[in-house]
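One line per chain: the protein sequences are D and R, in this order. Start counting the first sequence at 1; every next residue gets the next number (full-length UniProt numbering). Start counting the second sequence at 1; every next residue gets the next number (full-length UniProt numbering). Using N, Cα and C, we set each Cβ at its ideal position, and we do this for glycine too. Just so we're clear, the structure is a prediction, and the values are computed from it rather than from any experiment.
Protein chains: 2
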Amino acid sequence: MATIYQVSELAGVSLATVSRVMNGNTRVSEAKRTKVLEAMKELNYRPNSIAQSLASNCTNSVGLLVSELYGPFFGEMMSGVEGELRAAGKHVIVAAGHSDEASEKDAIEFLISRKCDALILHVDAVSDQYLLELNQSGTPVVVINRSIPGLMENCICLNNQLGGYLATKTLLEMGHRKVAYVSGPMWKTDVRDRVAGHRRALQEFDCVVPDSLFIEGDFHEEGGVKAMLQLLQQPEPFTAVVCANDEMACGVMNCARDNNLDVPGDLSVMGFDNVIMSRYTFPHLTTIDFPSGEMGRMAANWVRQHIYQDSKKPVQNLFEPTVVMRDSVRGLA
Amino acid sequence: MATIYQVSELAGVSLATVSRVMNGNTRVSEAKRTKVLEAMKELNYRPNSIAQSLASNCTNSVGLLVSELYGPFFGEMMSGVEGELRAAGKHVIVAAGHSDEASEKDAIEFLISRKCDALILHVDAVSDQYLLELNQSGTPVVVINRSIPGLMENCICLNNQLGGYLATKTLLEMGHRKVAYVSGPMWKTDVRDRVAGHRRALQEFDCVVPDSLFIEGDFHEEGGVKAMLQLLQQPEPFTAVVCANDEMACGVMNCARDNNLDVPGDLSVMGFDNVIMSRYTFPHLTTIDFPSGEMGRMAANWVRQHIYQDSKKPVQNLFEPTVVMRDSVRGLA
DNA sequence: TTGTATGCGTTATCAG
DNA sequence: CTGATAACGCATACAA
């Protein structure tokens, strides 16, 4: 692999001049510049970004930590991040946190030791305090889908409360009153926000539903099935069930069908996230859109603004969810 | 951030000794070793992996190039790669190639300039020749789902031919004879392999189907819908359709339902890939399992063997697909 | 505008 | 076993 030194020799200039034409920040005479360029081409020179990083103390790479590398939700998000960063000539180093504290911290250490210029995190096991210290300690951090007091500027959030509200309100407006709720794990902040929105909508419509119609799920399809089974076994009737994510909504719909319940004829089902799959289910799932791709892009944009100063697109910290009407919900006569 | 120099000073040893206890390859007296370890702890020292990379000419990072960052298929694969590599203390740098030649090459250049120790590629736009030269030129390459003459040792493949064969054979054995086929883009090698398997099964059963029952799709859900529409408009009757991937199978099923065709009552549908979603569709999709996660893990294992020499698990170059029976296929009386 | 010299934080090659 | 010292490839004050 050719080095800057060999290029300088072939071009008959100093090593510093070569460096200058590469970075393009200092003025170089046109004559020497073309000479250097030619030499580069001839030697098929490629800058060693490792050396560049060491010398400039900038790695041009940002760490991306997500809970899982698979799943439609994270896929869209990663795609957004990578697309935006790649366009700026930056690298993304990914790691998975598996929603486990030790694993998340480990991954973050991993990324830091790699000297990432910034970290984009989607974590839920690690504490707010930890993230605050992390950001203070030298590695800028932007957090997705989590609001951290004292670090709001670095958070890219979805208004989960509003999402939960919209989901339930939609059903309520269509005449449903007996609406069951299958939530995610309540230790997650976004889950609690969605539930709060749900409760607000209920309250607004003077609607009280018994506790037995509230089930804490696990965000997985099987969890949806289990929740539905539980719902079916308790005495309270219900005409609709709103789920805290699309996977569980799938489980609920499948379970309903297995129990000879027609969706949406006998039961309306509402999802959350608007995962790609939700367009393919039968019936097509009515859900709340979570713009994960856009939010990933925005997180990357944040980094471009604050770290690389190469973007002038304003940062949007809060995203608003919207209702996506499809076929799994029906109005009550 | 503390450096090795400060540690050496605090420990009262030379800088070289510190380096030695870090790497643990040379013997160091127990006394000095503990002194160094203590100093490290006190200074909260973390090695600068950039400097390590420059000095050792080993970045401990491998580039991973996939077509897209989203989608269940790549998600599973990436997850396999990251899990295996992370366990070995290696980093993975990801990029998306978008099945476009310029984009794929660009991404590869990107990864190379980052001095990845090896590249794991899932590409389909770039030529065999290019990959051969790439591998020769200093950056070891392992290719997923593509067999390259002269580079077979570096390829982790699925037996697509067998997969295509199994898909169609399954239907044939159940009595179907009028089986339509919705393929992927024919310029992709794996697509052609699947088609070849399909043809082989047909031949084996002395079954000839008219050309109008063969549609070239695009691997997307909409493509499945369009293909099904096309199938419906031509005169030849058919009792089953095998699709080159699950997404298109979803489209076919949805379109069938929209046209009052019961699946599998009136029409059997076979998918390919066994994407997570296929378990959630209605009816649950019968398909061919593509062990993308395992193959990703194996690609990573290849790298560990050949580049880092820290794995003794044997490399498996060829994976066999299997039939996953679910509810979208039914035998003909 | 251009060249020289030094530093970035480690590894690795020597002597001792 | 240990300690100087020279790479590694590039960026960048400083000087010219």
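Nearest-angstrom beta carbon gap, residue j and residue i [assumed within contact, 8 Å]
i         : j         : result
MET152(D) : HIS122(D) : Contact flag wrong, Cβ pair sits at about 17 Å.
THR59(R)  : LYS105(R) : Actually they do not touch by this definition, with Cβ atoms about 21 Å apart.
GLY97(D)  : ALA125(D) : 7 Å
VAL179(R) : VAL209(R) : 6 Å
ASP289(R) : VAL324(R) : 5 Å
ILE120(R) : VAL62(R)  : 6 Å
LEU213(D) : GLU236(D) : 6 Å
PHE74(D)  : ARG257(R) : At roughly 30 Å, the Cβ-Cβ gap does not stay under 8 Å, so PHE74(D) and ARG257(R) are not in contact.
SER328(D) : VAL275(D) : With 8 Å as the limit, SER328(D) and VAL275(D) do not qualify as a contact, their Cβ atoms being about 14 Å apart.
Distance between residue j and residue i (C-alpha atoms, nearest Å)
i              : j         : result
GLU30(R)       : GLY24(R)  : 12 Å
THR189(D)      : ARG330(R) : 45 Å
MET253(D)      : MET22(R)  : 55 Å
ARG199(R)      : ARG304(R) : 38 Å
SER103(D)      : GLY83(R)  : 12 Å
VAL13(D)       : VAL36(D)  : 8 Å
GLN161(D)      : ARG146(D) : 12 Å
residue 370(D) : CYS250(D) : Because chain D in this structure spans residues 1 to 333, residue 370(D) falls outside the shown range and cannot be described.
ARG194(R)      : ASN245(D) : 35 Å
ILE50(D)       : SER49(R)  : 10 Å
GLU109(D)      : GLU101(D) : 12 Å
MET248(R)      : TYR280(D) : 10 Å
ALA95(D)       : ALA107(D) : 6 Å
LEU285(R)      : GLY217(R) : 18 Å
SER113(D)      : ASN57(D)  : 13 Å
THR322(D)      : LEU171(D) : 14 Å
GLY175(D)      : PHE205(D) : 10 Å
SER79(R)       : GLY293(R) : 7 Å
GLN316(R)      : ARG297(R) : 11 Å
GLY138(R)      : GLY150(R) : 16 Å
LEU267(R)      : THR239(R) : 5 Å
Residue i - containing alpha helix (DSSP H), residue span
i         : result
TYR165(R) : 160–173
VAL81(D)  : 72–87
ASP289(D) : Where ASP289(D) is concerned, there is no enclosing alpha helix (DSSP H), although the beta strand (DSSP E) it sits in stretches over 287–289.
ILE108(D) : 101–113
ALA228(R) : Residue identity differs from the one stated: residue 228(R) is Met in this sequence, not Ala. Here the alpha helix (DSSP H) through MET228(R) covers 221–233.
Span of the beta strand (DSSP E), counted from its first residue to its last, around residue i
i         : result
THR322(D) : 322–324
GLY63(R)  : 61–66
GLU216(R) : 214–216
HIS198(R) : Where HIS198(R) is concerned, there is no enclosing beta strand (DSSP E), although the alpha helix (DSSP H) it sits in stretches over 189–204.
VAL315(R) : It is not in any beta strand (DSSP E) - VAL315(R) carries neither H nor E in the DSSP assignment.
LEU15(R)  : That residue, LEU15(R), is in no beta strand (DSSP E); its alpha helix (DSSP H) goes 15–23.
MET1(R)   : Unbroken run through MET1(R): none, as it is neither H nor E.
SER127(D) : Where SER127(D) is concerned, there is no enclosing beta strand (DSSP E), given that its DSSP letter is neither H nor E.
ALA53(D)  : What sits at residue 53(D) in the sequence shown is Ser, not Ala. Careful: SER53(D) lies outside any beta strand (DSSP E), inside the alpha helix (DSSP H) at 49–56.
VAL179(D) : 179–183
VAL242(R) : 240–243
Chain R contact for residue i (CB, 7 Å cutoff)
i              : result
PHE282(D)      : yes
LEU54(D)       : yes
residue 335(D) : What is shown of chain D runs 1 to 333, which leaves residue 335(D) out entirely.
CYS116(D)      : no
VAL164(D)      : Just to set this straight, residue 164(D) is Gly in the shown sequence, not Val. It does not: the Cβ of GLY164(D) has no partner Cβ on chain R nearer than 7 Å.
LEU229(D)      : no
GLU84(D)       : no
GLY75(D)       : yes
HIS98(D)       : no
HIS122(D)      : no
MET277(D)      : yes
Proximity test, Cβ basis, 7 Å: residue i and chain D
i         : result
ILE50(R)  : yes
TYR5(R)   : no
SER127(R) : no
GLU221(R) : yes
TYR45(R)  : no
CYS250(R) : yes
LEU69(R)  : yes
MET40(R)  : no
SER292(R) : no
HIS198(R) : no
HIS91(R)  : yes
**Request:** Flag this pair as touching only if the region 2–14 of chain R and the region 167–184 of chain D have three or more C-beta atom pairs under 8 Å; answer yes or no.
**Result:** no
Review point. Do the region 79–94 of chain D and the region 254–268 of chain D touch if we need at least three Cβ pairs shorter than 8 Å?
Key: no
Query raised in the report: Using 8 Å as the Cβ pair cut-off and three pairs as the minimum, do the region 298–316 of chain D and the region 145–162 of chain D touch?
Result: Taking 8 Å as the limit for Cβ pairs, the verdict is that the region 145–162 of chain D does touch the region 298–316 of chain D.
Would the region 62–78 of chain D count as touching the region 131–142 of chain R if we require 3 or more Cβ pairs under 8 Å?
no
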